[in-house]
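Numbering (the numbering used here), first residue to last: 96 to 415.
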Ligand SMILES: Nc1ncnc2c1ncn2[C@@H]1O[C@H](COP(=O)(O)OP(=O)(O)O)[C@@H](O)[C@H]1O
Ligand SMILES: [Mg+2]
């Protein structure tokens, strides 16, 4: 569960203060599917970045599974991000010189997983999003919708507790956008909490819970049972067509994912209080190094992408 209490994020711009988030309180239970909607500049990405531990609030309290993380160091936040968060962005953020397979594999390399574990996860994730047939393709050889599927597979492969998607359908036509929503809804059925940001009402309609944000404040927070059934009927109507047409051999049947459950159990163990104390101690004593995260969208992180590619080569050498 995540809980924001009275979160403020202020930016000083010369003499002005931009209140990107102005006293936001929000609780999201495990397994929810939530859409955050608001006009451009309303604070959606700022909110997502705080939820995803990519950024820190100016003030307020942020709890993940009851643990206060607002005072965590950058290293601790990086660790949390790696353990719990999967990101999907409007611009897909795939590395252009890597194949679909390699893009999904990359964060797993940084998680230090074995080759066989990685292979299993990459293949399974690509299959879940209907991209098995195109795993060797580079992003430039894929449509926008296909690239976003790969980006979802990349998030999925790390088995996150939370999938955070900032305008995931923003660059896609409405039919492709609905397909992406369907994939995200199916992930949610598997138990992953999904939080989506959009400025598009049609996308928000597919979500049971819709949080509306305006000028950095939450305007409304509505759970609508009708929206839920509408969303479910959309799921059914998409069931047999769009994915098969994209990937004939891949059945988009979402199976129970035992690994996800296992991962959640591991995380639960990690998150009890003693372990959390231990985590802090280990981090302070440098026993745990922050793992490099998947490439993220902010401009200042472009340098990180370069580092990722470089280190990837070196870690491959180590394997060989
Ligand atoms: N790094 C920053 N420095 C200054 N102002 C910022 C920064 N990031 C966001 N803002 C401002 O905060 C407000 C909310 O931005 P953002 O969260 O990106 O909105 P949205 O994602 O809803 O379009 C906007 O007024 C934006 O200009
Ligand atoms: Mg934004």
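Yeah, the Cβ is synthetic: ideal placement off N, Cα and C, and Gly gets one too.
- When DSSP states are grouped into helix, strand and coil, residue 152 belongs to the coil group.
- DSSP places residue 217 in the uninterrupted alpha helix (DSSP H) bounded by 210-223.
- Judged by DSSP secondary structure, residue 245 falls outside any beta strand (DSSP E) and instead within the alpha helix (DSSP H) spanning 239-252.
- Under the three-pair Cβ rule at 8 Å, the stretch 265-274 does not count as touching the stretch 96-106.
- Counting along the chain, the unbroken beta strand (DSSP E) around residue 307 starts and ends at 304-309.
- A heavy atom of ligand 1 is found nearer than 6 Å to the CB of residue 136.
- For the 7 Å CB-CB criterion, residue 292 and residue 143 form a contact.
- Residue 288 is not a Cβ neighbour of residue 163, given a cutoff of 7 Å.
- Judged by beta-carbon spacing, residue 217 lies within the 7 Å limit of residue 196, meaning their Cβ atoms are closer than that value.
- DSSP, reduced to helix, strand and coil, places residue 174 within a helical segment of the structure shown.
- Annotation for residue 196: the continuous alpha helix (DSSP H) segment containing it runs 195-205.
- When C-beta atoms of the stretch 177-197 are compared with those of the stretch 253-266, three or more pairs fall below 8 Å, so the two segments count as touching.
- Three or more beta-carbon pairs separated by less than 8 Å link the stretch 301-321 to the stretch 111-119, which places the two stretches in contact.
- Just so you know, the alpha carbons of residue 276 and residue 247 end up roughly 11 Å apart.
- For residue 150, same chain residues with a beta-carbon under 6 Å away, outside a window of 5 residues either side, are 144 in chain order.
- Less than 7 Å separates the beta-carbon of residue 245 from that of residue 189.
- The closest heavy atom of ligand 1 lies less than 6 Å from the beta carbon of residue 141.
- Ligand 1 has no heavy atom closer than 6 Å to the beta-carbon of residue 157.
- Apart from the 5 residues on each side of it in sequence, residue 104 sits with its Cβ closer than 7 Å to the Cβ of 115, 116, 141, 145, 152, 153 in its chain, given in chain order.
- Within the same chain, Cβ atoms closer than 7 Å to the Cβ of residue 316 are found at 306, the five residues on either side in sequence being excluded.
- Considering only 253, 192, 209, 201, the residue with the shortest C-alpha distance to residue 232 is 192.
- Annotated as distal: residue 290 and residue 264, with beta-carbon spacing of 7 Å or more.
- In this structure, residue 240 keeps its C-beta atom at 7 Å or more from the C-beta atom of residue 282.
- Relative to ligand 1, residue 106 has its C-beta within less than 6 Å of a heavy atom.
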